[in-house]
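These notes concern the structure reproduced below.
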Amino acid sequence: MVEVTATVQNAMGIHCRPSAVIVKVVRDYRGEIKVIAPSGSCDPRSILDLISLGLSQGTQVTLQVSGSYERKFAAKLAKLFARNFDYPPDPASTSPLCNPPPIGAA
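Quick note: the sequence shown uses this note's numbering, first residue 13, plus one each step.
Right under this line is the structure:
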């Protein structure tokens, strides 16, 4: 088992959209994954469990990963928790998920 620590960087914390990105990345990993925060712990394959941790900016989490290529996967997961998730949106990004059109735009 590998254990790494990450600090949530996103200004809005790990809410619905960042949780969905994390779940998408971890859903096919065949090993064990656990996110441990001051508010509790969960398997990040569940978006509701992940959101229920209430991870705000600056929260430090411990990520436990066991299975094949666990070191590489733990590092990848730590980067996700430390990511800003384009909030505020990056003007160079073309992803509609990161930069939704303004309200009223056609």
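Ideal placement from N, C-alpha and C gives every residue a C-beta, glycine not left out.
Using the rule of at least 16 other Cβ atoms within 10 Å of the residue's Cβ for burial, across every protein chain shown, is glycine 25 buried or exposed?
Mapped onto the sequence shown, residue 25 falls at position 13. Buried, because 16 or more other Cβ atoms sit within 10 Å of the Cβ of glycine 25.
If you measure from the CB of proline 56, is any heavy atom of the ligand ATP nearer than 6 Å?
The ligand ATP is not part of this structure, which contains no ligands at all.
Of the residues Gly43, Leu75, Ala94, the one placed nearest serine 53, counting alpha carbons only
Here residue 53 corresponds to residue number 41 of the sequence shown, with the count starting at 1. In terms of Cα proximity to serine 53, the closest of Gly43, Leu75, Ala94 is Leu75.
Please go through the stretch 27-51 and give each complete alpha helix (DSSP H) segment of 4 or more residues, from N-terminal end onward.
Listed in chain order, they are 28-38.
Consult DSSP for leucine 65 and reduce its assignment to one of helix, strand or coil.
As a position in the sequence shown, residue 65 is number 53, starting the count at 1. Residue state, collapsed to three classes: coil.
Assigned secondary structure, alanine 18 (DSSP; H/G/I helix, E/B strand, else coil)
Translated into positions along the sequence shown, residue 18 becomes position 6. It is a strand residue.
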